[in-house]
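Below: one structure, written as structure tokens.
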Amino acid sequence: MEIDFDSDIVTYEEILHEFWANHDAAKDRHYKGRQYLSILLFHDQEQKGTAEKVKEEWEQKLKGEILTELQAYSTFHLAEEYHQKYYLKRFKKAVEAVQSIFSNHDAFVHSTIAARLNGFVKGFGKMDQLKEDVKTWGLPINDEQVLLNILNNIRW
Numbered sequence: 001m002e003i004d005f006d007s008d009i010v011t012y013e014e015i016l017h018e019f020w021a022n023h024d025a026a027k028d029r030h031y032k033g034r035q036y037l038s039i040l041l042f043h044d045q046e047q048k049g050t051a052e053k054v055k056e057e058w059e060q061k062l063k064g065e066i067l068t069e070l071q072a073y074s075t076f077h078l079a080e081e082y083h084q085k086y087y088l089k090r091f092k093k094a095v096e097a098v099q100s101i102f103s104n105h106d107a108f109v110h111s112t113i114a115a116r117l118n119g120f121v122k123g124f125g126k127m128d129q130l131k132e133d134v135k136t137w138g139l140p141i142n143d144e145q146v147l148l149n150i151l152n153n154i155r156w
């Protein structure tokens with residue numbers, strides 16, 4: 001997963017704490033080769049230092065070694081198609097409705113709304129909050145209304 005974030009809203013360190021609080025980083029995933037390897041990619045030396053510091057804090061907290069590898073970012077590779085919006089795909093009619101507002105499948109996969117809905121169906125967040133958030137995304141008013149109408153009409 002690649003995360004774009006606004007450091008004025010959330011810091012890299014806060015993201016790292018969330019990562020290690022919600023990820024079993026001590027689990028050995030080498031049994032399936034590198035495909036399911038726990039890896040954290042940093043963009044610069046400052047991020048590397050922060051990642052090393054927070055990793056060490058979590059090792060002390062967990063009283064064990066964290067097996068997540070830290071490596072310099074070079075290229076991001078999307079997961080296979082069947083992994084894209086995995087939880088959302090269980091709601092075919094919702095996917096079809098939301099996809100209809102995008103010019104192509106890639107635009108849908110990379111959209112904020114698809115990511116947020118994928119999290120929503122997994123149990124993260126509430127629909128009312130998502131609808132309020134849509135209003136802050138700076139969409140043209142027409143697109144915002146279309147999206148809100150779709151969200152109002154989806155039957156989960």
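Those letters in the sequence shown? Residues 1 to 156, by UniProt numbering. Glycine residues also receive a C-beta, built at the ideal position from the N, C-alpha and C atoms.
Can you give me the C-alpha to C-alpha distance between residue 66 and residue 59, rounded to a whole angstrom?
6 angstroms
In terms of residues, what are the limits of the alpha helix (DSSP H) holding residue 113?
112-122
With three or more C-beta pairs closer than 8 angstroms as the rule, is the segment 48-64 touching the segment 77-95?
no
Mind the definition here: the segment 71-78 touches the segment 121-140 only if three or more C-beta pairs lie below 8 angstroms; say whether that holds.
Because the criterion of three Cβ pairs below 8 angstroms is not met, the segment 71-78 and the segment 121-140 do not touch.
Residue 122 versus 86, 93, 39, residue with shortest Cα-Cα distance
86
Tell me, which residues are paired with residue 42 by DSSP?
72
Just checking my contact of residue 157 with residue 113 at CB under 8 angstroms: how many whole Å lie between their CB atoms?
Outside the modelled stretch of the chain, which goes from 1 to 156, sits residue 157, for which no answer is possible.
Three-state class that DSSP yields for residue 152 in the structure shown
In the structure shown, residue 152 adopts helical secondary structure according to DSSP, grouped into three states.
When the Cα atoms are used, what is the spatial distance from residue 162 to residue 8?
Any answer about residue 162 is impossible in this case: the structure gives the chain only from 1 up to 156.
Straight-line Cα distance separating residue 111 from residue 47
26 angstroms
My output table needs one value for residue 104: the three-state DSSP class, helix, strand or coil.
coil
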